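Residue numbers (the working numbering), protein chains in the order written: chain X, -1 to 116; chain D, 927 to 1158; chain B, 24 to 317.
Yeah, the Cβ is synthetic: ideal placement off N, Cα and C, and Gly gets one too.
The model shown is predicted, which means the values in this text are computed figures rather than measured ones.
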Amino acid sequence: MNKPMVGVVAGAVLGIVDGATAWFTPAVRSQIMTILMGSCVKGMVVGIICGLIARKVHSTAVGLLAGSIFGLLFAYLVALMPQPDGSHYYLQIMLPGFVLGALIGFLTQRMGAAPRAA
Amino acid sequence: MGGPHRPFPTTRHSLIVSAASAGTMAREALDDVVAVYWKPAYKHVRIQWRRSNEEAKDLVQGFFTALIEQQILAGFDPSKARFRTYLKGCLDHFVMKQDERANRLKRGGGAIAICDFEAAEREIAGTPSVEDVFLREWQRQMFALALEDLRAYCETIGKTLQYAIFAAYDLAEAERPSYAELAAQHGVPVTNVTNYLAWARRELRRMVLLRLSSVTSGDSECMAEQRVLFGK
Amino acid sequence: MSYLPDRALDHLRDVAEAPDFSATRYRVEEEIGRGGMGTVYRAWDTQLERRVALKVLNAADRVNQEAILLAQLEHPGIAPIYDAGTLPDGRAYCAMRLIQGRRLDEFLRDEPALPARLRLFQKICEAVAFAHNRGVIHCDLKPQNIMVGEFGEVFVVDWGVARTEDSAPALSAGTPPYMAPEQSGAGAQTVDTRADIFALGQILRELMPDPPPRPLAAIARKASAADPRDRFSSAQQLAADVGRFLDGLPVSSYRDTMPERLARFCRQNQVLLLLLGAYLAVKLSLYFLAPALK
């Protein structure tokens, strides 16, 4: 499996797991399917970006940094969308998104086959 | 250069081994052992055991007589000790036993007629106190006997000039003469002096190893003893 | 028979021992070592204008055997042989590369770090494994017969008692405590490459700290087991197990306990565990702080 593919799979799985935790928040339980989908897509997008970076740069630190930055960025974009009551869950979405992004960045550095040198 | 190539000396280890297995020694083997060891034994008894010359003389004669008459060598196991070490141990044991009995053994036959105790006594007077008299005297005796062998060999094959040059240089008691001086003295070119010395030294080594092989139990002991004999 | 004074005796001992290289291309400079089989000199090769190590053996037949064996072993970890011959007195000699470095036992006095020691050990194993693949058994491996070069290169030297697997065994060859039990006495008939594995195990013991890590102690124990059948079957296997230890992986000679396995897993996955822990902490904090955040 190549690194972008690892990123996609890791992002999807972790995104679904992260989205599923919304079930513990009764206020958003009714929107669980939307949250799961959104979280999964967000994870996959971060994963593919981190995977592409991992193909070029072999460094755990770079992976962690890129993952956390893109995780935070996409989590911010998701958090921008208001709830039905007009409120925003910036902290509740961006903080876990930041850590999950770092996790995806780390996994893309450690797993997956690097392309062969030309 | 230096005459024909000579292989390693023919070993005579079998004499010691057969003596050990039979318990008693063949006359030929005993002669070799006595020739090499009587003086180290005598000086060892005189210096390490602090015995008078008369006592030491009796003890050494008694010891070599016992080698013939008793089964002393039956206990020699080449895999456990070197012959030199074993013999020294036997000698020490013999001296201790004599102390306990406090009497003298009757003297044996002519096997030890070659022992010149008076000469050894004169040498002791000039011998500085050394830690292991037995070892040092064993080295000295091995080389002294090999020198005798070399001299006799040179006379037999008509190489007295080679021996004379070797003796003048390698046995010089004071300042060693230069090669040029030796060449002028004997009327030969300097290169011949170099060659004669190299030849004589090789032959001396061969004689020493021949003597050594007659008082060791096998190749492995012989090689180990070579290190003691030649080693610094 | 005249008395031989000490001075004359010492001189005769020297001249009788000194090898006569006058008819060869070598000029002896100084004695640099003396072992069971012979003496090693540093010498100058007048033809190729380089320094060499000249080994003069006490036994004529052994040197040829050593020279022939060494000539088969072209490996960076084995000092190459340049030349061999016989001196006029019948002693045989061989000229070898002069190794600039220190013996392993001297090198260890500087107390290098364990990973450095073990990487050195792996190099020794590689050289020995190469010889084994060529059917040659060293029979006298010990720290004194291993040289460490200035740049950490390793040379296994003194193949004086080495033999091929199909040759007649040399009884009691080797040096205690590096000598395998089967090398002494009647068992010498069954000596094979595993005798060298035993010596490598003993050498490994000397490289280990006190107290040694348990997996490493188990590797050494297996390598120097009394019964050859219980040892590693090759020097490569031994080196590989040491390599696994160096990489923090489980070794074949030691079964980890559950806490040790857990500890190893945590050590190997520190960052991942840290990130998962951080994620859990964030989620739990948010869950419990949810009312306050509204």
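Handout entry: Exposed unless 16 or more other CB atoms sit within 10 angstroms - verdict on residue 1036 of chain D
Key = Model confidence at residue 1036 of chain D stands at a pLDDT of 46, short of 50, so the residue's coordinates are unreliable and nothing is read from them.
Handout entry: Min CB distance residue 51 of chain B to chain X below 8 Å
Key = no
Exercise for the section: Since I believe residue 66 of chain B is in contact with residue 49 of chain B (beta carbons under 8 Å), could you give me their beta-carbon distance rounded to a whole number of angstroms? Expected result: 4 Å
Problem - Start-end ranges of the alpha helix (DSSP H) lying completely within the segment 105 to 155 of chain B, minimum 4 residues - result: 127 to 131
Practice task
Please check if any C-beta of chain X sits within less than 8 Å of the C-beta of residue 307 of chain B.
Solution key: No, its Cβ sits nowhere closer than 8 Å to a Cβ of chain X.
Exercise for the section: Please compile the residues from chain B whose C-beta is within a distance smaller than 8 Å of the C-beta of residue 22 of chain X. Expected result: 310
Handout entry: Local Cβ density within 10 Å of residue 1023 of chain D, reported as buried at 16 or more and exposed below that
Key = exposed
Practice task
Taking residue 973 of chain D as the reference, give the member of D/998, D/992, D/1046 with the closest Cα.
Solution key: D/1046
Exercise for the section: Using a Cβ-Cβ cut-off of 8 Å, state whether residue 60 of chain X counts as contacting chain B. Expected result: no
Handout entry: Ordered list of beta strand (DSSP E) runs contained in the segment 161 to 223 of chain B, each at least 3 residues
Key = Unbroken beta strand (DSSP E) stretches of 3 residues or longer found wholly inside the segment 161 to 223 of chain B: 169 to 172, 177 to 179, given in chain order.
Practice task
Compare the C-beta of residue 140 of chain X against all C-beta atoms of chain B and say whether one is closer than 8 Å.
Solution key: Not covered by the structure: residue 140 of chain X. The range shown for chain X is -1 to 116.
Practice task
Would you tell me roughly how many angstroms separate the C-alpha atoms of residue 51 of chain B and residue 64 of chain B, rounded to the nearest one?
Solution key: 7 Å
Problem - Collapsed DSSP secondary structure at residue 0 of chain X in the structure displayed - result: strand
Problem - residue 301 of chain B: contacting residues in chain X (beta-carbon distance under 7 Å) - result: Those within 7 Å of residue 301 of chain B in chain X are 97.
Practice task
Whole angstroms is fine: what's the gap from residue 182 of chain B's alpha carbon to residue 141 of chain B's?
Solution key: 23 Å
Practice task
Identify every run of the alpha helix (DSSP H) within the segment 230 to 273 of chain B, keeping only runs that are complete inside it and at least 4 residues long; order them along the chain.
Solution key: 237 to 246, 258 to 269
Exercise for the section: Can you tell me which of D/1081, D/1108, D/1071, D/1115 puts its alpha carbon nearest to the alpha carbon of residue 965 of chain D? Expected result: D/1071
Exercise for the section: Taking C-beta pairs closer than 8 Å, name the residues in chain B that residue 93 of chain X reaches, listed in chain order. Expected result: Ordered by position in chain B, the residues that pass the 8 Å Cβ test against residue 93 of chain X are 305, 309.
Problem - Beta-ladder partner(s) of residue 101 of chain B, from DSSP - result: B/179
Exercise for the section: With 8 Å as the threshold, decide whether the Cβ of residue 294 of chain B is near any Cβ in chain X. Expected result: yes
Problem - CA-to-CA distance, residue 1119 of chain D to residue 25 of chain B, given in whole angstroms - result: 24 Å
Handout entry: Cβ-based burial, residue 270 of chain B [other Cβ within 10 Å; buried from 16]
Key = Burial call: exposed.
Problem - Selection of the segment 1079 to 1101 of chain D by Cβ proximity to chain B, strictly under 7 Å - result: Correct list: 1096, 1097, 1099.
Practice task
Starting from the C-beta of residue 268 of chain B, find all residues in its chain whose C-beta is less than 6 Å away, skip the five residues before and the five after it, and write them out in chain order.
Solution key: Contacts found: 238, 239, 274.
Problem - As assigned by DSSP and simplified to three states, the class of residue 1035 of chain D - result: The predicted position of residue 1035 of chain D is uncertain, since its pLDDT is 45 and thus under 50; no value can be drawn from it.
Practice task
Using DSSP bridges, identify the partner residues of residue 21 of chain B.
Solution key: Past the edges of chain B, shown from 24 to 317, lies residue 21 of chain B, and the structure says nothing about it.
Practice task
Can you grab the Cα-Cα spacing for the pair residue 1086 of chain D / residue 1106 of chain D, in whole Å?
Solution key: 19 Å
Handout entry: 8 Å Cβ cutoff, residue 133 of chain B in contact with chain D
Key = no
Problem - Backbone CA spacing between residue 60 of chain B and residue 1149 of chain D [nearest angstrom] - result: Spanning the two alpha carbons is a distance of roughly 7 Å.
Practice task
Leaving out five residues on either side along the sequence, give the residues of the same chain with a beta carbon under 6 Å from the beta carbon of residue 1137 of chain D.
Solution key: Correct list, in chain order: 1068, 1071, 1072.
Exercise for the section: Please go through the same chain and pick out, in chain order, the residues whose beta-carbon is closer than 6 Å to the beta-carbon of residue 168 of chain B, but skip the five residues on each side of it. Expected result: Contacts found: 180, 181.
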